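Colleague: Structure provided below as structure tokens; questions to follow.
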Amino acid sequence: MLEIRDLHVAYGEIPALKGISLSVATGEIVALLGNNGAGKTTTLKTLSGLLAPRSGEILLEGESVRGMPPHLIVRKGLAHVPEGRRVFNRLTVRENLEMGAYTRSDAAVSADLDRVLSLFPRLGERRAQVAGTLSGGEQQMLAIGRALMGSPRLLLLDEPSMGLAPVLVEQIFETVGSINRQGTTILLVGQNAALALDIAQRAYVLETGAVVLSGSAADLARNQDVRRAYLGEM
Ligand SMILES: Nc1ncnc2c1ncn2[C@@H]1O[C@H](COP(=O)(O)OP(=O)(O)O)[C@@H](O)[C@H]1O
Ligand SMILES: [Mg+2]
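In structure tokens, the structure reads:
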């Protein structure tokens, strides 16, 4: 579904990604782990066309999307839920969700709205409420729901659990699992490595712009270095 080969990205003269390669197969959840500043957000922004790579290749279903503008990449089936859940504060929940389908003209939009509201019943209860008055967890649900309204085949999630209460974090991860079981492939940037490794099949660990470890989620969850660095063990 997605293949990244030797991707280099820099902010001005400062390199942020120093030749990363990774792949995501259709149907997978792949976790991208790493400490603050490792390059996770930069990776997602480059995939969705918000940043231009210096070199390297990005293939989406075998086709190069490197250098393509974000709105065309969205049409290729990729949706990006950015860090910090940006929703349209003054629009209602329903209007926010409809914005997620603005590039589409097909008849399945209302079925997708039903699907999103069944994944996130809270959003259904609050569909007439303006988004700015939702809780942080509800805004995260709305940001994910809005991305799903574009009917993506590949969903990029940047730290969906950031700043949320533990009970909401678990709920979000459970829902991410359901979205995947319904057929959406997912690249998940996780601050909560334990939960990310729980729902992912495979994972990559980034350190200062390079992939330092990769493997099955089960193997990485047992890896001593990963446990020390990302699971808070001594
Ligand atoms: N807009 C920017 N301008 C300059 N440097 C940036 C910018 N965004 C991120 N960086 C730098 O790029 C590196 C990777 O950042 P980022 O991708 O945000 O990491 P992560 O999401 O893993 O925390 C860091 O060293 C960060 O300071
Ligand atoms: Mg980040």
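Taking our numbering, the leading residue of the sequence shown gets 21, the next gets one more, and so forth. Backbone N, C-alpha and C define an ideal beta-carbon position, used for all residues, glycine too. Computed from a predicted model, the values in this text were never measured in an experiment.
1) Going along the chain, which residues of its own chain have a beta-carbon closer than 6 Å to the beta-carbon of Ala216, five neighbours each way excluded?
2) Helix, strand or coil: how does DSSP classify Val113 here?
3) Just to check, is the beta-carbon of Glu227 closer than 8 Å to a non-hydrogen atom of ligand 2?
4) Buried or exposed: Pro89, going by 16 or more other Cβ atoms within 10 Å of its Cβ?
5) Could you tell me the distance, in whole angstroms, from the CA atom of Ser234 to the CA atom of Gln149?
6) Check whether the segment 23-30 and the segment 181-201 are in contact - that is, three or more C-beta pairs closer than 8 Å.
7) Can you tell me whether Leu71 is helix, strand or coil according to DSSP?
8) Beta strand (DSSP E) containing Ser43: first to last residue?
9) Would Gly76 and Ile34 qualify as a contact pair, given that the criterion is a beta-carbon distance under 9 Å?
10) Counting Cβ pairs closer than 8 Å, one from the segment 61-79 and one from the segment 107-122, do we hit at least three?
11) Quick check on Thr123: buried or exposed, where buried means 16 or more other Cβ atoms within 10 Å of its Cβ?
Modeller: The answer reads as follows:
1) Counting only Cβ-Cβ distances below 6 Å, and skipping sequence neighbours, we find Ala51, Leu208, Gly210.
2) The answer is helix: DSSP assigns Val113 an H, G or I state.
3) Within the chosen limit of 8 Å, ligand 2 does not reach the beta carbon of Glu227 with any heavy atom.
4) The Cβ neighbour count for Pro89, taken over all protein chains shown within 10 Å, is under 16; the residue is labelled exposed.
5) A straight line joining the alpha-carbon of Ser234 with that of Gln149 spans about 42 Å.
6) The answer is no - the segment 181-201 does not touch the segment 23-30, with fewer than three Cβ pairs under 8 Å.
7) Secondary structure at Leu71: coil, using DSSP grouped into helix, strand and coil.
8) 34-44 is the extent of the beta strand (DSSP E) around Ser43.
9) No; because the gap between Cβ atoms is not below 9 Å, this pair is not in contact.
10) They do not touch, by the three-pair rule.
11) It is exposed - the Cβ of Thr123 has fewer than 16 other Cβ atoms within 10 Å.
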